[in-house]
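Here the structure is laid out as structure tokens; the discussion comes afterwards.
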Amino acid sequence: MHELAFLHQEQVTCFVACRSFMYSVHTENGLIPNYDRNSFKICFTFHFINFFPSMAFLIFSQIRLVVLEGSRALLEAGRQCGYLTEVLTAPPSESMPSHECRLAALCDMAKQLPLTDESLMAPVQMLNRDGLDPSLDLFSYITENPFDCTYEVTLMKEKYLLPPRSRFLVAYCYILTTGGDKFDLIVLDPPWENKSVKRSNRYSSLPSSQLKQLPVPALAAPECLVVTWVTNRAKHLRFIKEELYPYWAVEVLAEWLWVKVTRTGEFVFPLDSPHKKPYEVLVLGRHRSGTDRAVRSSAVEELPEQRLLISVPSVLHSQKPSLSAVLKPYISPEPKCLELFARSLQRDWTSWGNEVIKFQHSSYFTRERAEELSMTSETVIIQ
1 MHELAFLHQE
11 QVTCFVACRS
21 FMYSVHTENG
31 LIPNYDRNSF
41 KICFTFHFIN
51 FFPSMAFLIF
61 SQIRLVVLEG
71 SRALLEAGRQ
81 CGYLTEVLTA
91 PPSESMPSHE
101 CRLAALCDMA
111 KQLPLTDESL
121 MAPVQMLNRD
131 GLDPSLDLFS
141 YITENPFDCT
151 YEVTLMKEKY
161 LLPPRSRFLV
171 AYCYILTTGG
181 DKFDLIVLDP
191 PWENKSVKRS
201 NRYSSLPSSQ
211 LKQLPVPALA
221 APECLVVTWV
231 TNRAKHLRFI
241 KEELYPYWAV
251 EVLAEWLWVK
261 VTRTGEFVFP
271 LDSPHKKPYE
281 VLVLGRHRSG
291 TDRAVRSSAV
301 EELPEQRLLI
311 SVPSVLHSQK
321 PSLSAVLKPY
331 ISPEPKCLEL
341 FARSLQRDWT
351 SWGNEVIKFQ
361 HSSYFTRERA
371 EELSMTSETV
381 IIQ
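First residue of the sequence shown: 1, per UniProt numbering; consecutive thereafter.
Below you can see the structure in the form of structure tokens.
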């Protein structure tokens, strides 16, 4: 049995795979104060020939078959449910604002300053209720929105929207270890080195060897699920499986594919293109601490070795779809979740990165009337 999941990415997850066929309503948007937009979840289980041996040894023709055969039924289901369209009748929407986030440059400057004594540091600073926090130290503390609603705050003279109960940290990753938190899920989206990144100069890349310096073992709870996004370069995939995960004491358990399609259900790049592929790989594993393995909760399902995720990608460059709903069955209830190299925030998650609030800038959101809500504010924020 091979599970397939269809995701429609408009900052919320619309399709998630389960072991049964069902319709249900779920809410995933953590960016609207006291309000969640309804989105619909349709779940399928498909039976396929066993064409999923270790993906590390699959040649391209086999991956091609997986993508073609696996996506066909899901794309048809997406069309029937209205998430995809046969023809785009509306004119292209205006391009998203290109807000220039200064955090990365400031982060590099902050790393040149003397470090504060760790023993004297309070690891978390809370937002206050007036929404204006000029005294927040973004580079030495974890900043938290403790409230059950999204807050618009002014940071560095710019307005940002922080989801409910979200936390974030800029600059030194080791600060995450000072509070003693252990996470049940750690998702990484490293800025892998490649020629297109160097040419575009959109963001700084990171040599693979430096990833080993991340304190993942110190942050991982027993049986923590570790998930890493990786490009299609075999070099990077081998590094994760043969060097990085073993170094962190993470056992490789699964490799999933994320296939990117347009609103009409076409691959964003030709499947046979020698340059760019319309899919990326997710490498999943669990942290094994010492010789004793934690007993898996009965509420946590066994992680499937293979899965195909299909989505319309975000218009924002390099922004991956949220994995919260997809990974929920495979982590403990009420988990602590961490994203490394994040460029946006999620409700109930801790996020770290040089540009961790880049896509939380108010210019990426629109305001809509909230007439049915008993709120003092007249608007809600929708991304």
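A virtual CB, placed ideally from N, CA and C, is assigned to each residue, including glycine. Please read these numbers as outputs of a predicted model, since none were measured by experiment.
- The alpha-carbon separation between K276 and L127 amounts to approximately 42 Å.
- DSSP, read as helix, strand or coil, puts V326 in helix.
- According to the DSSP secondary-structure assignment, W258 is paired through a beta bridge with E280, L309.
- Approximately 19 Å separates the beta-carbon atoms of L253 and L211; this is outside 8 Å, ruling out the contact.
- The straight-line gap separating the alpha-carbon atoms of P274 and D137 is approximately 46 Å.
- Per DSSP, R238 is one residue of the alpha helix (DSSP H) stretching across 234-239.
- Residue range 216-219 is occupied by the alpha helix (DSSP H) that includes P217.
- Between Y330 and L161, the gap from beta carbon to beta carbon reaches 7 Å or more.
- Rounded to whole angstroms, the separation of the alpha carbons of L271 and V66 is 11 Å.
- Put simply, the backbone Cα of S208 is about 14 Å away from that of P246.
- Collapsing the DSSP output to three states places L65 in a helix.
- In this structure, DSSP gives E223 an extended state, which the three-state scheme calls strand.
- Beta-bridge partners assigned by DSSP to K159: T154.
- Following the DSSP letters along the chain, one finds E242 in no beta strand (DSSP E), marked with neither H nor E.
- In this chain, the beta strand (DSSP E) harbouring S351 covers 349-352.
- Among the bridge pairs identified by DSSP, I142 is matched with V124.
- Between the C-alpha atoms of W349 and P321 there is a straight-line separation of about 15 Å.
- The beta carbons of P191 and L206 sit about 5 Å from each other, so the pair counts as a contact at 8 Å.
- Within the same chain, Cβ atoms closer than 6 Å to the Cβ of N232 are found at K277, the five residues on either side in sequence being excluded.
- In the structure shown, the three-state DSSP call for R286 is strand.
- In this structure, the straight-line span from the alpha carbon of A234 to that of I357 is close to 31 Å.
- A residue is called buried when at least 16 other Cβ atoms come within 10 angstroms of its Cβ; V315 does not meet this threshold and is exposed.
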